[in-house]
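There are 2 protein chains.
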Amino acid sequence: MRNIKLTIEYDGKRYLGWQRLGDSDNTIQGKIEGVLTQLTGEKIEIIGSGRTDAGAHARGQVANFKTETTMEREKMLDFMNRYLPQDIIIKKVEDVPERFHARYNTTGKKYSYYVWNDAIPSAFERYYSLHYPQPLDIDKMNQACSLLVGSHDFLGFSSLKKMKKSTVRTIDELSIQREGSLLHFTFVGDGFLYNMVRIIMGTLLEIGAGTMEVSAIEEIFKNRIRQHAGETAPSHGLFLDEVYYR
Amino acid sequence: MRNIKLTIEYDGKRYLGWQRLGDSDNTIQGKIEGVLTQLTGEKIEIIGSGRTDAGAHARGQVANFKTETTMEREKMLDFMNRYLPQDIIIKKVEDVPERFHARYNTTGKKYSYYVWNDAIPSAFERYYSLHYPQPLDIDKMNQACSLLVGSHDFLGFSSLKKMKKSTVRTIDELSIQREGSLLHFTFVGDGFLYNMVRIIMGTLLEIGAGTMEVSAIEEIFKNRIRQHAGETAPSHGLFLDEVYYR
């Protein structure tokens, strides 16, 4: 039995997100499974590194699946890219050891979030960044970023109900780069709770706008109250860039 | 009578190009005139700096129009961006002297052309660059670029029939930058003949692929035979970046 690892790029704007909801539905997982079932003649189920939300994008999503097919990797890649919609691209096909599991074996992830920070919207960025027309205090946002880096209980920055499992995560990098009107936020960490990147983004934007204090970060770590954090920023500014494995 | 200058950005993928073809049609000019007629109550005709092809994009197209409206520039800009489709953005509204003419007064233009030069296509670049999977010899393309820079008769690099008007144009800059798999070609010149950028691009790609010699450039300058140049590269890689005025 082969175990195949896929590296996947997708423009999520037309899709209901990663996770298959029903048969042959408009999800990334559904589309890829459909093509793999065509290719192998088997009923294929793929395991993603994690879900991405409706409208969110990926440059380096990872998934794996088991198959009996003997088709060469190069041919599988060509077949998949020929039959998948053009906004879902298989970047890599690899044979991996049978124990490899795209979700359980991740050691971390990298996300980007983009904000188009200009009074005038952008014709090209509208599906790939949040349009935020008001000025933002980048210094204050950077201060908040340095409080967020490190190991903390991020329950208050997630859409999870209180859980038995640990909600402590480690953010290794949270940085802001400006390229003209485009703000590029980079998140690297060992794992991210449900909606964590988008809720941190909503919080950073409130801090940048001056409607929330930098010190709110530490309070939310302590009280873990979701309602004290900012709104969940929209999914269309979010990119899953890379999934790390040992 | 006011004379208003507009600076316009558009994602051309849904449009039949700049130039209005009939009443309220799917062209950039048609969409903008429609909104301006709503705004002013006058029948407005706008003059673009030049046409752009169906599927081609602009970051800095310029147009002007005459109007009796007394509306402030800020309000015009807001009104237009509210009522135009989101893939057409007015970046600037300026009052200019009555003699200003967006087409006759240009002193030059800047274009970009993008090539996604990778065996694997891109989910994000598919409407904004030509996918060219084969390797390209950038050195040879650069040699060809330096032959193209300067003042030459570009008739053979255009879709024009032989004309009485001069077909001599000056290219001030033609450069290639690589950012990962994306090749970015920059064209700056005093004017470009019909399809000139796209035909030069098609020719550069043949030179990069090795199916045409660098020396072909000089031959086409001499014999001015369109058929000796490369194919017209597709419009969706083309961006009108800037229009220059004195």
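Here the protein sequences line up with chains A and B, keeping their order.
Count the first sequence with the numbering used here and you get residues 649 to 894, in order.
Count the second sequence with the numbering used here and you get residues 649 to 894, in order.
Cβ coordinates follow ideal geometry from the N, Cα and C atoms, glycine included.
All of these numbers come straight from a predicted model, not from anything done at the bench.
Ile692 of chain A sits away from Ala750 of chain A, with the two beta carbons spaced by 8 Å or more. Beyond the five residues adjoining it in sequence on each side, Leu725 of chain A comes within less than 8 Å, by CB distance, of Ile738, Lys740 and Val741 in the same chain, given in chain order.
For Asp673 of chain A, same chain residues with a beta-carbon under 8 Å away, outside a window of 5 residues either side, are Leu664 in chain order. For the C-beta of Lys739 of chain B, the chain A residues within less than 7 Å are, from N- to C-terminus, Ile768.
The criterion of a C-beta distance shorter than 8 Å is not satisfied by Arg699 of chain A and Phe887 of chain A. According to the DSSP assignment, Tyr776 of chain B belongs to no alpha helix (DSSP H), since it is labelled neither H nor E. Contact with chain A is found for Arg774 of chain B, since one of that chain's Cβ atoms lies less than 8 Å from the residue's Cβ. The continuous stretches of alpha helix (DSSP H) do not include Thr880 of chain A, and DSSP gives it neither H nor E.
Exposed is the label assigned to Leu669 of chain B, since fewer than 16 other Cβ atoms lie within 10 Å of its Cβ.
When secondary structure is reduced to three states using DSSP, Ser814 of chain A falls in the coil class, being assigned neither helix nor strand. The Cβ-Cβ distance between Asn712 of chain A and Ile656 of chain A does not fall below 8 Å.
Within its own chain, the residues whose Cβ lies closer than 7 Å to the Cβ of Thr675 of chain B, once the five positions on either side in sequence are excluded, are Tyr663, Leu664, Gly665, Trp666, Gln667, Arg668 and Leu669, listed in chain order.
By the CB criterion at 8 Å, Thr818 of chain A and Asp801 of chain A fall outside the cutoff. If you keep only unbroken beta strand (DSSP E) runs of at least 3 residues inside the stretch 692-745 of chain B, you get 705-715 and 736-744. Rounded to whole angstroms, His832 of chain B and Asp701 of chain B show a C-alpha spacing of 19 Å. Here Gly804 of chain B is near Ala877 of chain B, since their CB atoms are less than 8 Å apart.
Nearest CB-CB separation between Glu657 of chain B and chain A: below the 8 Å threshold.
Close to Gln734 of chain B, with beta-carbon spacing below 8 Å, are these residues of chain A in chain order: Pro769, Ala771 and Arg774. A direct Cα-Cα distance of roughly 8 Å separates Lys757 of chain A from Phe835 of chain A. When only Cα atoms are considered, Ala881 of chain A and Arg846 of chain A end up about 5 Å apart. Gly660 of chain B is not a Cβ neighbour of Ser777 of chain B, given a cutoff of 8 Å.
About 5 Å separates the beta carbon of Tyr842 of chain A from that of Ser806 of chain A, a gap short enough to meet the 8 Å contact definition.
Contact annotation: Leu796 of chain B and Ile865 of chain B have beta-carbon atoms nearer than 8 Å.
Boundaries of the beta strand (DSSP E) harbouring Glu657 of chain B: Arg650 to Tyr658, taken from the DSSP string. Just measuring C-alpha positions, the residue of A:Ile873, A:Met844 and A:Val763 sitting nearest Glu827 of chain A is A:Val763. In this chain, the beta strand (DSSP E) harbouring Asp801 of chain A covers Gly798 to Asp801.
Not flagged as an interface residue toward chain B: Asn843 of chain A, since no C-beta distance is shorter than 8 Å.
Taking the Cα of Thr717 of chain A as reference, the smallest distance to any Cα among A:Tyr775, A:Cys793, A:Leu732 and A:Asp743 is reached at A:Asp743.
Between Pro781 of chain B and Ala771 of chain B, the C-beta gap is not smaller than 8 Å, which leaves the two residues out of contact. Not one beta carbon of chain A lies nearer than 8 Å to the beta carbon of Asn674 of chain B.
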